[in-house]
Amino acid sequence: MAEVSYYTKEGLEKLKEELQYLKTTGRANISAAIAEARDKGDLSENAEYDAAKEAQGLHETKIAQMQETLANARLLDESKLDTSKVLALSIVKIKNVKSGATMSYQLVSESEADMKAGKISVTSPIAKGLLGRSVGEIAEITVPAGKIEFEILEISR
191 MAEVSYYTKE GLEKLKEELQ YLKTTGRANI SAAIAEARDK GDLSENAEYD AAKEAQGLHE
251 TKIAQMQETL ANARLLDESK LDTSKVLALS IVKIKNVKSG ATMSYQLVSE SEADMKAGKI
311 SVTSPIAKGL LGRSVGEIAE ITVPAGKIEF EILEISR
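Every number in the numbering used here is 190 more than the matching position in the sequence shown, counting from 1.
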């Protein structure tokens, strides 16, 4: 059974738009590449045709995967979420206990993660260590560089 993923409204719309693009423009581009390769002659010795057909297979696999993701996607109503604990879509302000550096992250689904925008995946080590915790708690999180302690300063939506 596929895993349920939770999305913001913007993330779900972006997923739908990308799927629509793949089904329309993406398929048309691949069909054109296959037709162009077919026009070049003998298909038994046509590497371009083989490459185009392989690209078509990969493209259709990606469409199927996105359809499955979309079928298991759930839209979270942020207004009804509890802000006393860190949950998916929480915006969490944390402080590195050792260095004193503060940072703010929003916990989002894997496909919405964008470190530059301050959005980290709920499956990342930092997010996993923060989930379910409350303001004032200190979370000891194991990251590739070792163990880091973070104090949760603020939780918002």
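We treat Cβ as the ideally placed atom computed from N, Cα and C, and that holds for glycine.
What does DSSP give as the partner residues of residue i in its beta bridges?
i, result
"tyrosine 239", "For tyrosine 239, which the question treats as bridged, DSSP gives no partner whatsoever."
"serine 294", "Lys283"
"glycine 336", "Val333"
Let me make sure I understand the geometry here. Which of the options has the alpha-carbon closest to that of residue i?
i, options, result
"alanine 329", "Asp240, Val298, Val287", "Val287"
"glutamate 344", "Gly231, Ala263, Ser324", "Ser324"
"glycine 290", "Glu339, Ala227, Ile281, Asn236", "Glu339"
"alanine 245", "Arg217, Ser299, Thr259, Glu258", "Arg217"
"threonine 198", "Leu260, Ser221, Lys285", "Leu260"
"isoleucine 281", "Ser274, Leu297, Thr292, Ser314", "Leu297"
"glutamate 341", "Val312, Gly326, Ser311, Thr332", "Gly326"
According to DSSP, is residue i helix, strand or coil?
i, result
"arginine 323", "coil"
"glycine 247", "helix"
So, for residue i: in the same chain, excluding its five sequence neighbours on each side, which residues have a beta-carbon less than 6 Å away from its beta-carbon?
i, result
"alanine 242", "Ala223, Ile224, Ala227"
"lysine 285", "Thr292, Glu341, Leu343"
Taking 7 Å as the limit between beta carbons, can you name the residues of its chain near residue i, skipping five residues before and five after?
i, result
"glycine 308", "Ser294, Tyr295, Gln296"
"serine 346", "Thr273, Ile281"
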